[in-house]
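According to our numbering, the sequence shown holds residues 149 to 451 in order.
Beneath this line is the structure, given in structure tokens, with notes to follow.
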Amino acid sequence: MYDILIIGSGPSGLTAAIYATRAGLKTLVIAGVPWGGQLQLTTEVENFPGFPDGILGPELMNNMRKQAEKFGTEFVDAAMDPTDFSTQKGTFTVTADGKTYQGRAVLIATGADAKTIGVDGEKELTGHGISYCATCDGAFFRNKNIIVVGGGDSAMEEALFLTNFASSVTIVHRRDEFKASQIMLERAKQHPKIKILTNKQIVKVEGQGRVEGVVLKDTVSGVEEPMAIDGIFVAIGHQPNSKVFQGVTVNETGYVQAMHGTNTNIEGVFVAGDVQDDHYRQAITAAGFGAMAAIDIEKWLRK
Ligand code: NAP
149 MYDILIIGSG
159 PSGLTAAIYA
169 TRAGLKTLVI
179 AGVPWGGQLQ
189 LTTEVENFPG
199 FPDGILGPEL
209 MNNMRKQAEK
219 FGTEFVDAAM
229 DPTDFSTQKG
239 TFTVTADGKT
249 YQGRAVLIAT
259 GADAKTIGVD
269 GEKELTGHGI
279 SYCATCDGAF
289 FRNKNIIVVG
299 GGDSAMEEAL
309 FLTNFASSVT
319 IVHRRDEFKA
329 SQIMLERAKQ
339 HPKIKILTNK
349 QIVKVEGQGR
359 VEGVVLKDTV
369 SGVEEPMAID
379 GIFVAIGHQP
389 NSKVFQGVTV
399 NETGYVQAMH
409 GTNTNIEGVF
419 VAGDVQDDHY
429 RQAITAAGFG
439 AMAAIDIEKW
449 LRK
């Protein structure tokens, strides 16, 4: 029997694990596959305090895991099976990879995943020229012409990173205003390899076994035109991973509703990180929520 079962191994889950085990609580992290959350798919992290020269996302996650293990956190590198927490009282039971685990409290820290654009050809050509992760796949697009979809910071960051490989990067954004911060937008605008197309939306991805082009629709005039392209990186935001558990209250977009700190509507089930945060969504805020959750859980268990 564990004191805490932590579901998820991004910055929130691992920070909670560090705090919990350091406080003497027997802690199991059901890490998911792949473990480590969104930072495993990131290159340079420049804004996590403590690393003045930046740190690679996967390296930061490895460090957090090592730190949690040092204090005694146990890990299962598997995904949790769908679980209804509302039918469980006193002790929580979850299964993963055919094994059963029990805990006195649960922390949901399942994070969020990349959104898809949902057009013809996207599913078929994913992994064959369509990617959701520049860090993972950028090197496959050396000297290629590519599109990045989106108008937020993620799109700017991906586009800038992809200039390390690609001959040209075209940012395709469906409006002429950007959610991206001014500094990121300016960096993208000033990069000689980056071109920005506004009021344009991909309506179809074309190619025989590989991306060869797209059909772009002008969102103002409605006119459609083909564009030859070698690859597409989709960077249009994320959706919370809240479907694997039932009984926990979520809002209209699927984010878990935290109440009174990191509690959920179910006594003994807590939440932290991007699965409950549709606003800040930063590694540092996720880590902060993880620390808060571990403190809340420790107090709740001692009661
Ligand atoms: P975001 O800010 O929500 O931006 C998503 C973008 O994708 C928007 O421009 C949106 O268009 C577009 N979009 C959404 N659905 C689309 C669709 N189906 N087809 C075409 N375009 C679509 O998401 P994000 O860029 O992932 O950023 C999330 C948060 O993380 C933000 O707070 C951001 O500041 C932060 N972040 C920070 C950094 C950094 O500081 N280094 C890096 C990455 C992310 P509309 O504008 O029309 O809605």
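Yeah, the Cβ is synthetic: ideal placement off N, Cα and C, and Gly gets one too.
Owing to the predicted nature of the structure, the values given are computational and were not obtained by experimental measurement.
Best match in Ala431, Gly436, Ile380 for proximity to Tyr167 [C-alpha to C-alpha]
The shortest CA-to-CA distance from Tyr167 to any of Ala431, Gly436, Ile380 is the one to Gly436.
Environment of the ligand NAP in chain order, Cβ to heavy atom below 5 Å:
That query returns the following residues: Ile265, Gly298, Gly299, Gly300, Asp301, Ser302, Glu305, Arg322, Arg323, Lys327, Ile384, Gly385, Arg429.
Taking only runs of the beta strand (DSSP E) that begin and end inside the region 337-370, which ones reach a length of at least 3 residues, in chain order?
Entirely contained in the region 337-370, the beta strand (DSSP E) runs reaching 3 residues are, in chain order, 342-345, 348-354, 361-366.
Could you spell out the range, first to last residue, of the beta strand (DSSP E) harbouring Gln215?
Bounds of any beta strand (DSSP E) do not take in Gln215; it lies within the alpha helix (DSSP H) bounded by 205-218.
Excluding the 5 residues flanking Tyr280 on each side, which residues of the same chain have their C-beta closer than 6 Å to its C-beta?
Setting aside the 5 residues that flank it on each side, Tyr280 is surrounded in the same chain by Ala262, Val382, each with a C-beta closer than 6 Å to its C-beta; the list follows chain order.
Under the three-state reduction of DSSP, which class applies to Leu333: helix, strand or coil?
Here Leu333 sits in helix by DSSP.
State the beta-bridge partners of Glu222 as determined by DSSP.
BP columns for Glu222 point to Leu176.
Mind reading off the beta-carbon distance from Ser157 to Ala434? Whole number of angstroms is fine, and I expect it under 8 Å.
Not a contact, Cβ separation roughly 11 Å.
Suppose you measure from the CA of Lys247 to the CA of Gly416; what does that come to, to the nearest Å?
Approximately 22 Å between the Cα atoms of the pair.
Taking buried to mean at least 16 other C-beta atoms within 10 Å of its own C-beta, is Glu400 buried or exposed?
Glu400 is exposed by the Cβ-count criterion.
Look up Lys447 in the DSSP assignment and say whether it is helix, strand or coil.
Correct three-state label for Lys447: helix.
Where do the N-terminal and C-terminal ends of the beta strand (DSSP E) with Ala262 fall, by residue?
From DSSP, the beta strand (DSSP E) with Ala262 extends over 260-262.
Nearest by alpha-carbon distance to Pro388: which of Arg429, Thr311, Asp232 is it?
Taking only the C-alpha atoms, the option nearest Pro388 is Arg429.
Under a Cβ-count criterion, where at least 16 other Cβ atoms within 10 Å of its own Cβ denotes burial, should Gln424 be classed as buried or exposed?
Counting Cβ neighbours within 10 Å, Gln424 comes out buried, since at least 16 surround it.
For the pair the region 288-295 and the region 323-340, tell me if three or more CB-CB distances fall below 8 Å.
No, because fewer than three Cβ pairs between the region 288-295 and the region 323-340 fall closer than 8 Å, the two stretches do not touch.
With H, G and I counted as helix, E and B as strand and the rest as coil, what does DSSP make of Lys247?
Of the three classes helix, strand and coil, the one that applies to Lys247 here is strand, per DSSP.
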